[in-house]
Amino acid sequence: MIAATVTVIVVGAVGLGGYALGRRTLDTHPVEPEAAAPLTITARRGSVEDVRSVEVSLEWDVAVQVLNRLPGTVTWALTPPGVATTIAAGDVVYSIDETRVLVIGGSVPAYRDIGPGSQGLDVQQVQQFLADQGYLAATPDGKWSSATAAAYRAFRKDRLLPDAASIRLGEVLFLPELPATVSIAAGFDVGARTVDGEEVLRVLQGIPAGSYLASPGSAAIPTGTAVTVAIGDAQVVGATAGAGVRTDDGRLAISVVFTTAPQDCGWCAEVPADRVTSWPATLQLVPPTAGVTVPVGAILTAADGSPVVRLAGGDIVSVSITAVVGATAVVSGVSDGDLIEIPTS
């Protein structure tokens, strides 16, 4: 009698156990999986930089076109056509039939022969030049006197120019400002025939103007973005200016400006003055920036719109974003070695 009771209990115990297992199997509520450990990344000190290889176009702006007034054959020129060069008052720029033509400062262009009896602003311009060079002691008065003629002859003698006490039309070019950067006009090669009134000289304005063409769909380039252009042996640093203008093919033409002063522009002579030329360059979208780096994907947005990260363990920390390149951000607010959670959704 006692043995039978133990067996029931045992069987009952087994039956209860089987019932309980059956309940688990038939339960319609899914079993909650254990929460996966969050992904983390270690914040590390590093640096980012974004430099793009591009091409920059350079072109000279023409301030003044100067006309030749001496017909004949070009027998010598200071440079070939299209080459930028700097000239000063008294320089010889070309020769026609071996008559050397020099430049003098003045706003009134050459329009006549100048000699005994001549009066006017053109005469005064010659006198001012002779006075500046130390050949004329008298105050320029616009009258071609014997003293002016003697001063002009002395100047020509010192420059090893043929003797002359007057100026034939075309022997002198008046330019508004000197020194000036100029180029010989196209077609004015040695041996070419020229006529009165033909363009001979181009006075170039400032330094070459630059532009960069961004591809259609490119992100906006911030004004002031550093640009370095390789021009000859020089690495010329400039910056983008303005938002740019859309071209017909959808590209964005952005101006590139340089701070080089014309008188200090050693690289300017490398840029042809008669056409637009392209030069290899780099666009510094993001300068070298060092600090603590984290993945961009680890940065969250707080309710107030500010950037934050979640540390391993759940603490929320405000950060400031210093620079972003690709998927990496340089931030302040966390330390080298901090474990940062990466959101999975």
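In our numbering, the protein residues as written are 2 to 346. Backbone N, C-alpha and C define an ideal beta-carbon position, used for all residues, glycine too. Given the structure is predicted, the values throughout are model-derived calculations rather than measurements.
Report yes if the C-beta of residue i is less than 7 Å from at least one heavy atom of the ligand SAM; otherwise report no.
i, result
"residue 72", "The ligand SAM is absent from the structure shown, which contains no ligand whatsoever."
Identify which residue in the options has its Cα closest to the Cα of residue i.
i, options, result
"residue 184", "329, 64, 100", "64"
"residue 78", "71, 72, 101", "101"
"residue 40", "111, 49, 336, 314", "314"
"residue 92", "130, 70, 148", "130"
"residue 231", "56, 111, 306, 47", "56"
"residue 220", "229, 189, 242, 252", "252"
"residue 257", "154, 298, 215, 180", "215"
"residue 316", "335, 69, 331", "335"
"residue 109", "139, 266, 68", "68"
"residue 133", "303, 90, 103, 104", "90"
"residue 105", "259, 178, 161", "178"
"residue 222", "307, 287, 328", "287"
"residue 156", "103, 281, 328, 113", "103"
"residue 189", "327, 80, 305", "80"
Compute the distance between the beta-carbons of residue i and residue j, then report whether it is under 8 Å.
i, j, result
"residue 344", "residue 301", "yes"
"residue 74", "residue 194", "yes"
"residue 318", "residue 309", "yes"
"residue 54", "residue 226", "no"
"residue 263", "residue 83", "no"
"residue 191", "residue 76", "yes"
"residue 72", "residue 197", "yes"
"residue 152", "residue 136", "yes"
"residue 49", "residue 290", "yes"
"residue 297", "residue 330", "yes"
"residue 180", "residue 278", "no"
"residue 166", "residue 154", "yes"
Excluding the 5 residues flanking residue i on each side, which residues of the same chain have their C-beta closer than 8 Å to its C-beta?
i, result
"residue 16", "Note on residue 16: pLDDT 35, under 50, position unreliable in the model; the coordinate value appears next. So the list is empty, once near-sequence residues are dropped."
"residue 333", "292, 293, 320, 321, 323"
"residue 338", "43, 44, 45"
"residue 158", "164"
"residue 5", "Per-residue confidence for residue 5 stands at a pLDDT of 31, beneath the threshold of 50, marking its modelled position as unreliable; the derived number appears in the next sentence. Nothing listed; no residue qualifies."
"residue 328", "296, 297, 298"
"residue 307", "319"
Could you please give me the residues that DSSP links to residue i through a beta bridge?
i, result
"residue 220", "In DSSP, residue 220 forms no bridge with anything."
"residue 208", "BP columns for residue 208 are empty, so no partner."
"residue 254", "214, 246"
"residue 314", "In the DSSP output, where bridge partners are listed per residue, residue 314 has none listed."
"residue 294", "45, 331"
"residue 319", "309"
"residue 236", "231"
"residue 56", "281"
"residue 133", "Answer is none; residue 133 lacks a bridge partner."
"residue 87", "182"
"residue 66", "203"
"residue 122", "For residue 122, which the question treats as bridged, DSSP gives no partner whatsoever."
"residue 51", "287"
"residue 189", "Paired residues: none, contrary to the question."
"residue 95", "78, 102"
Who are the Cβ neighbours of residue i in its own chain at under 7 Å, not counting the five residues just before and after it?
i, result
"residue 66", "200, 203"
"residue 269", "85, 182, 208, 209"
"residue 124", "115, 143, 144, 145"
"residue 186", "82, 200, 201, 202, 203"
"residue 224", "241, 242, 243"
"residue 162", "101"
"residue 217", "251, 252"
"residue 303", "309"
Is there at least one Cβ from chain C nearer than 8 Å to residue i's Cβ?
i, result
"residue 117", "Absence of chain C from the displayed structure is noted, only one protein chain being present."
Excluding sequence positions up to five away, which residues of its chain have a Cβ less than 6 Å from the Cβ of residue i?
i, result
"residue 206", "62, 64"
"residue 107", "126, 175"
"residue 149", "128"
"residue 52", "283, 285"
"residue 275", "83, 187"
"residue 341", "42, 44, 295, 299, 310"
"residue 271", "232, 233"
"residue 47", "294"
"residue 29", "Bear in mind that a pLDDT of 49 at residue 29, under 50, signals an unreliable position, so the model cannot answer this."
"residue 266", "208"
"residue 70", "111, 170, 171, 197"
"residue 25", "Bear in mind that a pLDDT of 38 at residue 25, under 50, signals an unreliable position, so the model cannot answer this."
Three CB pairs or more closer than 8 Å across the segment 169-179 and the segment 233-250:
No: fewer than three Cβ pairs fall under 8 Å.
Pairs of beta-carbons, one from the segment 59-79 and one from the segment 204-222, closer than 8 Å: are there three or more?
A contact is defined here as three or more CB-CB pairs under 8 Å, and the segment 59-79 meets this definition with respect to the segment 204-222.
Counting beta carbon pairs with one atom in the segment 95-110 and one in the segment 247-267, are three or more of them shorter than 8 Å?
Cβ pair count under 8 Å is below three, so no.
Below 8 Å, can you find three or more Cβ-Cβ pairs linking the segment 140-152 to the segment 116-124?
Between the segment 140-152 and the segment 116-124 there are three or more C-beta pairs closer than 8 Å, enough to call the two in contact.
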